[in-house]
Each structure stands twice: as structure tokens, then as C-alpha cells.
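Colleague: Top line first, the protein sequences correspond to chains A and B. Going by the numbering used here, the letters in the first sequence line up with residues 1 to 140, in that order. Going by the numbering used here, the letters in the second sequence line up with residues 1001 to 1140, in that order. Backbone N, C-alpha and C define an ideal beta-carbon position, used for all residues, glycine too.
There are 2 protein chains.
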Amino acid sequence: MDTAQKALMRFIRNFGLHQPDRTPCGQPLPVSEAHAMVEIAGAGRIRQVELARRLRLEKSTVSRLTANLVGRGWVDREAAAGDGRGVLLVLTDAGAAAAARLADARRDRLTALLDRIPGEQRSAVVRALQTLAEAADGPS
Amino acid sequence: MDTAQKALMRFIRNFGLHQPDRTPCGQPLPVSEAHAMVEIAGAGRIRQVELARRLRLEKSTVSRLTANLVGRGWVDREAAAGDGRGVLLVLTDAGAAAAARLADARRDRLTALLDRIPGEQRSAVVRALQTLAEAADGPS
DNA sequence: ACCATCTGGTTGTACCGTCGAACCATGCAG
DNA sequence: CTGCATGGTTCGACGGTACAACCAGATGGT
């Protein structure tokens, strides 16, 4: 459908998905780091390679990403038990607090968006988003 | 809603909106240029400043973007009639052909995505996308 | 035990994409 | 004509990603 095409592009631009650093939170946080924080917070303890898989990023990218988060004092690297190569990522206390703040900011932003949608359509839109995410889950 | 949050993030990652150069078309085209091509093709003849407004980008960004497109031989710059400052962007013949090819590739990709959605939900999802784009249209 | 291979990470290089600031030229209002 | 606003360009900086080269630890076959 052609209208879907335009709608998606319009959403991307309007919502600012194009703009690298427009993460609305206390500190202007790079988007990729925000995504990583969500994943680490959700997993509690996660292998770097697994994080790369979930974010669909190269291991080199994730390595650098992780270095940034460690630099912020939000993440600790631990040696993976039973595998001398692996690195386990864990949130520090500061990291957990930051993750909570980020979740708040993100929720605010999304709430603001959804508030502009008539109530009777809102749940349909949320469901559609889930469907879309699901559909995009498989191979490319 | 928290589920909407996760769905959106999942969609962003799964669909590869994070990855700068994953434009599926004949030539590996930078995403921003693809967006610009759509807009120019749609308008036929557009002021650079207006393009910036529609893409929600800085004029400096659009200036470079335009230079790239001109470099590809896809766009001509014309002087705006009645305003010595303005620049009018117009597609060349090659540019129009490229725009058509891009539209095809984009449609293919989106079709592939929508094909993974059960038929009875598909139209709802498309409508929801439009609603979302609409909602994200206003001030941030 | 040993070597080849695989796997997880790191570092180097390159590129895209964006912004803000400084700057220039043109238009416009008083 | 002076001062301000507007459209564009150029400069420098940085985020974000990929690929390739490399290293270290794991694994499996002989």
C-alpha cells in the first residue's frame, strides 16, 4: 500500500526517529545507549554478545557502546563464569536509577503522543504497534 | 502504556531504523537522501528551506544533503524567481528515474512486512500507522 | 596432547547523518 | 540607508554504525 509507505515515513520524521540525540530525558543521552540500558535493565545480567543480538548491532558497536556506559558509571563489566572470554554487563546502582529515569521520560513522551489520539482508536494503535514489531521480528 | 513503549522500541530495532545505510534499493543509498528524494519528487519543485521544514532537519544538513543529490546528478538547483537568496530543487530525468526505483524498493520492503501480518489485521495496522503519523505531526 | 577452528571482545578506520555557530548575501521595514 | 530577518553555505564536532584485523579463550577431531 502506498499510503502505508507515506505514513511510515511521516511518522519517522515527525517523531524524530531520524535525529540521533533527541532522547528526551534528564541528560541528553545518545539513543543507542538508551536502548542498551533498557535491555540490560530488563535482563538484569546480560552477555555482551547477547545484547548485540537483541539490538541488532555489530559486536564492535556494542563494545564501544558498553565502554560509554561504563564510563558513565552506569554499568559494570564482570567476567562471565565458566568462560574466560565472555563479559557480563550489570547495572550499577546509578545505572538502575538512570534506567528508571529514562523509562519515565520515555513513557512521558509516548503518553504525550498517544494523548493526541482519540480514545477509541488508542488501543487499536497500540495493538497495531505490537503487531508491527512482531512482523518485523523475523529475518529482514 | 508500557507495552506500547516496548513495541515501538522493538519495531525500531527489528525493522532496522537504527541502521543508517540499510536502504534496500538498487544502489545502497543513504536514508536521508531517500527521504529527500521522495519529498522533491512529490513536490516537483521545492525550496530548500521548505524541504528542511518537511524533513525536520537543519538548513545546514539539507544544504549538504542537496549537494550530495546534485553530485549524483539527480537534482538541479535553480534560482528562485523573485528571491535572489532562494534555491529551487528540481529532479533531473535521472533523478526522476531514481525516485521511481526507490519507491519500488520501498514498496517491496513494506509489502514484505505487511505480508507477515494476518489479512484481517492488515488494514487496521495501516490505519494505525496513519493515525500515529498524524499524532506525531504537531509540536514535538 | 595438539592443532585447527570457532566464538566473544577490542581496536582501527571509514562513512553517514545530524547539529550549532559563524558567515555571506539578499530581502524588507522603518 | 540602516538595522533586522531570512535562505544558504561552510566549518567543526559528535553520535552511530559497519567491516576488517587482531587477540584470547573454548572446542573438537585425530
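1) Who are the Cβ neighbours of A/G73 in its own chain at under 8 Å, not counting the five residues just before and after it?
2) If you follow the alpha helix (DSSP H) that B/A1133 is part of, which residue opens it and which one closes it?
3) The stretch 1117-1136 of chain B: which residues have C-beta closer than 9 Å to a C-beta of chain A, in chain order?
4) If we ignore side chains and look at the alpha-carbon of each, how far apart do B/A1128 and A/Q19 end up?
5) When you check each C-beta in the stretch 2-15 of chain A against every C-beta of chain B, which residues fall closer than 9 Å?
6) From the beta carbon of B/L1089, is the nearest beta carbon of chain A less than 9 Å away?
7) If we cut at 9 Å on Cβ distances, does A/A103 have a partner in chain B?
8) Between B/I1117 and B/M1009, what straight-line distance do the alpha-carbon atoms span, to the nearest angstrom?
9) As a quick exercise: from A/L29, A/L132, A/G16, A/R109, pick the residue whose alpha carbon is nearest that of A/N68.
10) Which residues of the stretch 48-77 of chain A have a Cβ closer than 8 Å to any Cβ of chain B? Give them in chain order.
11) Just to confirm my understanding: we take B/R1122, look at its own chain, exclude 5 residues before and 5 after, and list those with CB closer than 6 Å. What are they?
12) So, using beta-carbon positions, are A/T66 and A/A36 closer together than 9 Å?
13) Are the CB atoms of A/A4 and B/Q1005 within a distance shorter than 9 Å?
14) Taking C-beta pairs closer than 9 Å, name the residues in chain B that A/L29 reaches, listed in chain order.
15) Which value, in whole angstroms, describes the spacing of the CA atoms of B/G1082 and B/D1137?
16) Based on Cα-Cα distance, which residue from A/F15, A/S60, A/R56 lies nearest to B/F1015?
17) To the nearest angstrom, report how far apart B/A1080 and A/R54 are at their CA atoms.
18) Within 9 Å of any Cβ in chain A, is that where the Cβ of B/T1107 sits?
19) If you follow the alpha helix (DSSP H) that A/A79 is in, where does it begin and where does it stop?
20) For A/L89, which residues in the same chain have their Cβ closer than 7 Å to its Cβ, ignoring the five residues on either side in sequence?
21) Is it the case that the Cβ atoms of B/L1132 and A/F11 are separated by a distance below 9 Å?
22) By the 10 Å Cβ neighbour count, where 16 or more other Cβ atoms means buried, how is B/A1007 classified, buried or exposed?
23) Alpha carbon to alpha carbon, what distance is there between A/A97 and B/V1126?
24) Just verifying my parser: in three-state terms, what is the DSSP assignment at A/L55?
25) Would you grab the beta carbon distance between A/A124 and B/A1135 for me? Rounded to a whole angstrom, and I think it's under 8 Å.
26) Hey, A/L17 and B/L1017 are a contact pair by Cβ (cut 8 Å); roughly how many whole angstroms apart?
Modeller: Reading it off the structure:
1) Answer for A/G73: T92, A94, G95, listed in chain order.
2) If you look at B/A1133, you'll find it in the alpha helix (DSSP H) that goes 1119-1135.
3) Identification of residues in the stretch 1117-1136 of chain B having a C-beta nearer than 9 Å to some C-beta of chain A yields I1117, P1118, Q1121, R1122, S1123, A1124, V1125, V1126, R1127, A1128, L1129, Q1130, T1131, L1132, A1133, E1134, A1135, A1136, given in sequence order.
4) Approximately 23 Å between the Cα atoms of the pair.
5) Shown in chain order are the members of the stretch 2-15 of chain A whose Cβ falls below 9 Å from a Cβ of chain B: D2, T3, A4, Q5, K6, A7, L8, M9, R10, F11, I12, R13, N14, F15.
6) No, B/L1089 lies away from the interface with chain A (no Cβ there is under 9 Å from its Cβ).
7) Answer yes: the Cβ-Cβ gap between A/A103 and chain B drops below 9 Å somewhere.
8) Cα-Cα distance, rounded: 19 Å.
9) Of the residues A/L29, A/L132, A/G16, A/R109, the one whose Cα lies closest to the Cα of A/N68 is A/L29.
10) If the cut-off is 8 Å between Cβ atoms, the stretch 48-77 of chain A has R54, L55, R56, L57 near chain B.
11) Cβ within range, chain order: L1114.
12) Going by C-beta atoms, A/T66 is nearer than 9 Å to A/A36.
13) No; because the gap between Cβ atoms is not below 9 Å, this pair is not in contact.
14) In chain order: nothing, as chain B lies at least about 14 Å away.
15) B/G1082 and B/D1137 have their C-alpha atoms roughly 31 Å apart.
16) The residue from A/F15, A/S60, A/R56 with its alpha-carbon nearest to that of B/F1015 is A/R56.
17) Straight-line Cα distance between these residues: approximately 48 Å.
18) Looking at the sequence shown, residue 1107 of chain B is not Thr but Arg. At least one chain A Cβ lies under 9 Å of B/R1107.
19) Careful: A/A79 lies outside any alpha helix (DSSP H), inside the beta strand (DSSP E) at 75-79.
20) Excluding sequence neighbours, A/L89 sits near I40, I46, Q48, L51, T66, V75, R77.
21) Between B/L1132 and A/F11, the C-beta gap is smaller than 9 Å, which places the two residues in contact.
22) Within 10 angstroms of the beta-carbon of B/A1007 lie 16 or more other beta-carbons, which makes it buried.
23) Roughly 37 Å separates the two Cα atoms.
24) Here A/L55 sits in helix by DSSP.
25) Your pair A/A124 and B/A1135 does not check out as a contact, with CB atoms roughly 13 Å apart and the cut at 8 Å.
26) Between B/L1017 and A/L17 the Cβ distance is about 6 Å, and since that is below 8 Å, they are a contact.
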